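Numbering (the UniProt record's numbering), first residue to last: 1 to 274.
Built from N, CA and C at the ideal position, the CB exists for glycine as well.
Fair warning: this is a prediction, and the values are worked out from it, not measured in the lab.
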């Protein structure tokens, strides 16, 4: 199988071999340019969700997967379902298979794919799935395995979550919610590569986030599509506001704004939540 992607100016399409598909894995490759769109799917993994892609002022709707803003990417999760192990053992098994470790579900897109892959085994609520979420001693808080912070809308099993070093490993329950646990309980292991980033959502033209209390980041960006791309690579981002007058991209988590208001100088990308 090959991975299609483009260079930083989105002009030259390249391909890179990424190896054979593994059982219980899901890959989706999406590539596009200004005039031609194509979707290649593997292992029946095309997700039936509406995705809004805005290029040259034109909205194109797909029942597929949109990847990181550069124009292409791959979902890559793998479920070890032939044995149950403690989180630490599952982590090593994932690495032995060539993955970065247990799956990072820091974005709604990765979480939705994880729900699909684990669906046959979640019919029993007693089944659990180890994921790449850990308690870190240095920060005295939770971090995903790629270093990402936990988003405000993370689907916890028993909110508010009590963060403690006595339960340092993350797991998914049969109903899809997340919890922290000890390294003595055995479960299936969900593996993943940590650099895959995607974004599902839609654009509100001429609107901005209202009731802003703070923001994740704010910086100069050359285009709206690059602003959307920055949001896609920031796990906590749920809204990306692009100001056309000053070419500035501002990103927000769910708790940092309360709605939307008219602003002709602004376009805002709204990312689907958990």
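Each residue's CA atom was taken as its position, placing residue 218 and residue 199 some 19 Å apart. Inside the region 70–112, DSSP marks whole alpha helix (DSSP H) runs of 4 or more residues at positions 87–96, from first to last along the chain.
For residue 132, the enclosing beta strand (DSSP E) begins and ends at 129–136. The residue from 88, 102, 97 and 96 with its alpha-carbon nearest to that of residue 194 is 102. The DSSP-derived three-state label of residue 159 is coil. Taking a cut-off of 8 Å on C-beta distances, the region 90–106 does not touch the region 158–166, as fewer than three cross pairs fall below it. The beta-carbon separation of residue 134 and residue 170, rounded to 7 Å, stays under the 8 Å limit for a contact. Per DSSP, residue 189 is one residue of the beta strand (DSSP E) stretching across 187–192. Here the region 222–238 makes no contact with the region 117–136; the two share fewer than three CB pairs at distances below 8 Å. Membership of residue 270 in any alpha helix (DSSP H) is not indicated; the residue belongs instead to the beta strand (DSSP E) covering 259–271.
Secondary structure at residue 200: coil, using DSSP grouped into helix, strand and coil.
With fewer than 16 other Cβ atoms inside 10 Å of its own Cβ, residue 183 counts as exposed. The secondary-structure analysis by DSSP pairs residue 180 across a beta bridge with 170. Contact check for residue 260 against residue 250 fails: the beta carbons are separated by 8 Å or more. By the 16-neighbour rule on beta-carbons within 10 angstroms, residue 97 is exposed.
Between residue 86 and residue 212, the gap from beta carbon to beta carbon reaches 8 Å or more. Taking the C-beta atoms as reference points, residue 273 is found no nearer than 8 Å to residue 120.
Within its own chain, the residues whose Cβ lies closer than 6 Å to the Cβ of residue 181, once the five positions on either side in sequence are excluded, are 167, 169 and 171, listed in chain order. The residue from 127, 124, 263 and 237 with its alpha-carbon nearest to that of residue 148 is 237. For the set 214, 145, 234 and 209, the Cα lying nearest the Cα of residue 91 is the one of 145.
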